[in-house]
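K.L.:
In the working numbering, the protein residues as written are 0 to 125.
Dropping a structure here in structure tokens format, bear with me for questions.
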């Protein structure tokens, strides 16, 4: 099998690289350092889970919901039986822990719910 052709680094355009590399080693280090700094700043601004409304009381409510609904509520409506892993706040308010505002969902359904919300800009009950 022939080697993949060399191409210029998309960042600096100077160094020739070969697949599977995305960037030259120098640019790779710079980009990774920048990403780490941005992640650290984001995490600091975001606050702790507790400060965002996910403290000890929430952990108990979450555990209770997952115990009561071990299968994803969205998947069940669609005739599937995936295990629930997360509890979603339908109205997106982490302080509103009323039972009817909580949905036990699998990871893929939770991602789908948030993807729909992102595109539509509104709350979705899936």
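Ideal placement from N, C-alpha and C gives every residue a C-beta, glycine not left out.
Check residue 115 in the structure and name its three-state DSSP category.
P.N.:
helix
K.L.:
What's the gap between the Cα of residue 63 and the Cα of residue 82?
P.N.:
In a straight line, the C-alpha of residue 63 is about 15 Å away from that of residue 82.
K.L.:
Kindly indicate which residue of 37, 9 and 53 has the alpha-carbon position closest to the one of residue 25.
P.N.:
9
K.L.:
Start and end of the beta strand (DSSP E) containing residue 86?
P.N.:
85–88 is the span of the beta strand (DSSP E), which, as asked, contains residue 86.
K.L.:
Under 8 Å: do the stretch 65–74 and the stretch 90–108 share three or more Cβ pairs, one atom per stretch?
P.N.:
yes
K.L.:
Skipping 5 residues on each side, what residues in its chain have a beta carbon closer than 6 Å to that of residue 34?
P.N.:
none
K.L.:
Taking only the alpha-carbon atoms, compute the straight-line gap between residue 120 and residue 108 and give it to the nearest angstrom.
P.N.:
In this prediction, residue 120 scores a pLDDT of 46, lower than 50, which makes its location untrustworthy; the coordinate-derived value is nonetheless stated afterwards. For residue 120 and residue 108, the distance between alpha carbons rounds to 17 Å.
K.L.:
From the DSSP output, which residues share a beta bridge with residue 128?
P.N.:
Outside the displayed span of the chain (0 to 125) sits residue 128, for which this structure offers no information.
K.L.:
Report yes if the C-beta distance between residue 115 and residue 86 is below 7 Å; otherwise report no.
P.N.:
Not a contact, by the Cβ cut-off of 7 Å.
K.L.:
Just verifying my parser: in three-state terms, what is the DSSP assignment at residue 48?
P.N.:
Of the three classes helix, strand and coil, the one that applies to residue 48 here is coil, per DSSP.
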